[in-house]
């Protein structure tokens with residue numbers, strides 16, 4: 012079984028990837044999508060979104076990072092994929108799942124599921140452009156407004172050369188509304204010979220067990236469930252191994268929050284840093300009552316020193 016940390020734009024950046032992969036249980040992670048339009052991006056742009064490339068394409072905890080590209084031009088995507096490999100990416104992932112309206116309007120993400128022939132061309136071009144030992148993978152949804160074309164799309168990706176396919180078991184129109192339709196995943200796996208990862212609505216070990224039973228696949232990708240429960244991957248790995256599942260306490264989580272804040276203060280502007288912390292705290296409220304109290308205390312706070320004090324971190328430690 013492989014457990015991956017999902018790419019989530021505006022949420023799972025290099026800071027949160029660093030903090031979450033320290034907890035354990037995550038086998039690999041993916042960058043926020045790197046948008047490719049009509050030009051070759053610069054190495055500096057890749058390094059901005061994937062600074063791990065400067066450190067062997069691994070997080071500080073040693074978890075491998077994959078570069079994810081989003082776009083619709085097969086040739087341009089191929090050229091940028093080749094550059095990403097030169098910069099150190101050991102896997103190239105292609106995004107056909109983003110449901111954002113702005114992304115879809117510019118012909119990127121899930122809207123391409125309407126064009127399975129183009130999906131195939133994109134993967135083929137990227138596969139030919141990168142070294143043979145570099146895997147090319149893909150992430151898709153079940154479709155744009157209906158899952159009826161999901162099997163055709165998955166087949167197009169696999170025949171194009173995708174080494175595995177992550178399936179977020181919702182359509183673009185579904186967005187993130189529950190439930191995820193795990194029952195479609197075995198149908199996808201049936202038509203492709205490459206591994207399929209299940210993604211969507213796995214918030215707990217119990218959800219993982221139900222997903223495995225319904226989907227029939229072992230490999231999973233965790234998104235919001237892992238962000239809101241940072242040890243979810245570790246819990247699932249323990250359950251899979253038949254070991255005792257010991258949940259991370261709020262006290263256990265404090266060093267992670269403090270490390271997160273320390274990096275946020277350095278990398279973000281003073282104006283945006285508090286909001287970044289509140290974004291993660293808001294997701295932690297799903298599983299930690301203490302997070303509700305802290306979020307309430309921080310809700311209108313913009314002073315960095317006061318935020319640090321509430322987290323138990325002096326400004327000098329966070330700077």
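In the working numbering, the protein residues as written are 12 to 330. The C-beta atom is built at its ideal place from N, Cα and C for all residues, glycine as well.
The Cβ atoms of residue 79 and residue 45 lie closer than 8 Å to each other.
Within 10 angstroms of the beta-carbon of residue 323 lie fewer than 16 other beta-carbons, which makes it exposed. A direct Cα-to-Cα measurement between residue 202 and residue 73 gives close to 34 Å.
Taking C-beta separations shorter than 6 Å and ignoring five residues to either side along the sequence, the partners of residue 238 in its chain run 294, following chain order.
Within the same chain, and ignoring the five residues on either side of residue 297 in sequence, the residues whose Cβ sits closer than 6 Å to its Cβ are 239. Taking 8 Å as the cut-off, the beta carbon of residue 119 is found closer than this to the beta carbon of residue 81. Here DSSP, grouped into helix, strand and coil, assigns residue 175 to coil. Sequence-distant Cβ neighbours of residue 248 in its own chain, meaning closer than 8 Å and more than five residues away, are 12, 14, 35 and 36. By the beta-carbon neighbour count (other beta carbons within 10 angstroms, threshold 16), residue 132 is buried.
For residue 107, there is no enclosing alpha helix (DSSP H); the enclosing beta strand (DSSP E) has its first and last residue at 103-107. At the C-beta level, residue 274 and residue 29 come within 8 Å of one another.
Here DSSP, grouped into helix, strand and coil, assigns residue 150 to strand. DSSP, reduced to helix, strand and coil, places residue 208 within a strand of the structure shown. Approximately 14 Å separates the beta-carbon atoms of residue 134 and residue 87; this is outside 8 Å, ruling out the contact. Within the stretch 262-298, the complete alpha helix (DSSP H) segments of 4 residues or longer fall at 284-295, listed in chain order. A contact is defined here as three or more CB-CB pairs under 8 Å, and the stretch 142-151 fails this definition with respect to the stretch 184-193.
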